[in-house]
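Accompanying notes for the structure given below.
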Amino acid sequence: MPATPSAHLQATATRFEAEISKLLLHDSVLPGAAPGLLGPLAEAARNEQLSAQELATQISRDPSAAARLIRFANSPLYAGTAPVRTLQAAITRMGLTSIRRLLLCLSLHGAPKPRLAALRERLAQHWRSSIEVAALSQVYAEHHSALDPDEAFLAGLIHQIGTLPILYLADARPELVGSVEMVDQLIDLLQARVGGQILASWRFPPNLAAVPGRVFDPPQQAETSQIEIADVVTVAAGLVRERLYNDTSVRQSAAWRKLQLDRPDGLELGVDIGAQLREAELLFA
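Going by this note's numbering, the first residue of the sequence shown is number 87, and it counts up by one from there.
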């Protein structure tokens with residue numbers, strides 16, 4: 087059973103959460119970061135009034151982002167009979183919604199790094215694990231006809247998005263310099279709620295906005311038999327934690343039981359995600 091947070095930790099967490107909520111009310115793209123930090127691409131990704139042609143024009147002003155999206159459109163997740171060579175063709179193949187969400191993830195990944203070295207390392211860990219969870223979620227979703235592998239990939243990328251504003255806010259707090267352990271505790275306490283708040287404020291659909299809460303603060307309620315996006319992300323994130331930290335708790339989760347990974351007729355536990363992982367890493371290279 088997790089230890090009860092100290093009064094100081096709880097008070098700091100309350101302040102952080104209140105500040106993040108206030109920033110979201112003022113439409114901050116990344117709470118805790120300086121205004122305009124992510125530039126026009128992030129704003130374009132969130133502007134649902136832009137047509138596909140207008141969005142393509144915005145993206146084309148950043149050759150690196152355009153090249154990554156074209157490369158991803160040719161990945162195993164989307165590959166068609168002919169290779170995609172233009173940004174407009176990539177948008178057509180992937181769909182405007184997927185392009186917007188991937189573009190937002192690219193913008194977040196490209197944000198300036200925290201000043202404190204330990205927090206920069208936490209941020210690097212965040213992206214490494216998110217990319218691996220995304221690739222594994224995609225593979226598991228492919229085995230369930232009711233799930234969209236593209237949506238599962240995106241859900242894996244954003245499942246721990248609540249970590250980002252906590253890292254940026256901590257980097258601006260002199261009293262937290264040298265107290266990375268406390269930052270980790272703040273992440274454990276807040277990322278489920280903060281992640282859900284961010285995704286809801288960006289108008290992500292409810293099934294995706296609910297993913298951080300389902301992964302990091304699973305509801306205490308009766309299980310349903312229907313497998314959802316949050317289930318594959320929960321299992322994928324749990325398997326990554328198991329590999330990194332020998333944490334086997336995911337094997338006792340409702341999501342694990344639903345995916346039936348321990349049954350001979352269930353999914354293969356040690357699936358090969360090499361191809362998907364390479365494509366995902368190239369997207370954020």
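Glycine residues also receive a C-beta, built at the ideal position from the N, C-alpha and C atoms.
Of the listed residues the options, nearest to residue i (C-alpha basis)
i	options	result
Ala323	Asp148, Ala93, Val219, Leu345	Val219
Leu255	Ala97, Leu116, Pro91, Leu363	Leu116
Tyr35	Leu205, Gln211, Leu141	Because the chain is modelled from 87 through 371, residue 35 falls outside the range shown and cannot be assessed.
Ala227	Leu369, Gln96, Gln362, Leu368	Gln362
Leu368	Ala93, Glu134, Asn160, Arg132	Asn160
Asn133	Trp288, Pro169, Thr310	Trp288
Ser216	Val269, Pro292, Ala241	Ala241
Ile315	Ala295, Ala153, Val326, Asp303	Ala295
Arg157	Pro235, Ile185, Ala130, Ala131	Ile185
Outcome for residue i when other beta-carbon atoms lying within 10 angstroms are tallied against a minimum of 16
i	result
Thr249	buried
Glu237	buried
Leu205	buried
Thr98	buried
His112	exposed
Met87	Residue placement at Met87 is poorly supported in this model, since its pLDDT is 47, which falls under 50; the coordinates still yield a value, given next. Answer is exposed; the Cβ neighbour count stays below 16.
Gln246	buried
Gln312	exposed
Gln224	buried
Arg171	exposed
Glu207	exposed
Gly360	exposed
His390	Shown here, the chain extends from 87 to 371; a query on residue 390 therefore has no answer.
Ser146	exposed
Arg201	exposed
Arg187	buried
Arg101	exposed
Asp358	exposed
Lys108	exposed
Ala131	buried
Distance between beta carbons of residue j and residue i, contact taken as under 8 Å
i	j	result
Thr334	Glu328	6 Å
Ala371	Ala221	Going by Cβ atoms, the distance from Ala371 to Ala221 rounds to 14 Å, so no, they are not a contact pair.
Pro305	Gly282	Actually they do not touch by this definition, with Cβ atoms about 12 Å apart.
Ala151	Leu136	The Cβ separation is near 15 Å, so there is no contact.
Leu262	Met268	6 Å
Ile284	Leu110	7 Å
His280	Ile106	Looking at the sequence provided, one finds Val at residue 280 rather than His. Their Cβ separation, rounded to whole angstroms, is 6 Å, which keeps Val280 and Ile106 in contact under 8 Å.
Inter-stretch contact (C-beta, 8 Å, three-pair minimum) for the segment 191-203 and the segment 165-180: no
If you pair each beta-carbon of the segment 171-185 with each one of the segment 138-147, do three or more pairs fall below 8 Å? yes
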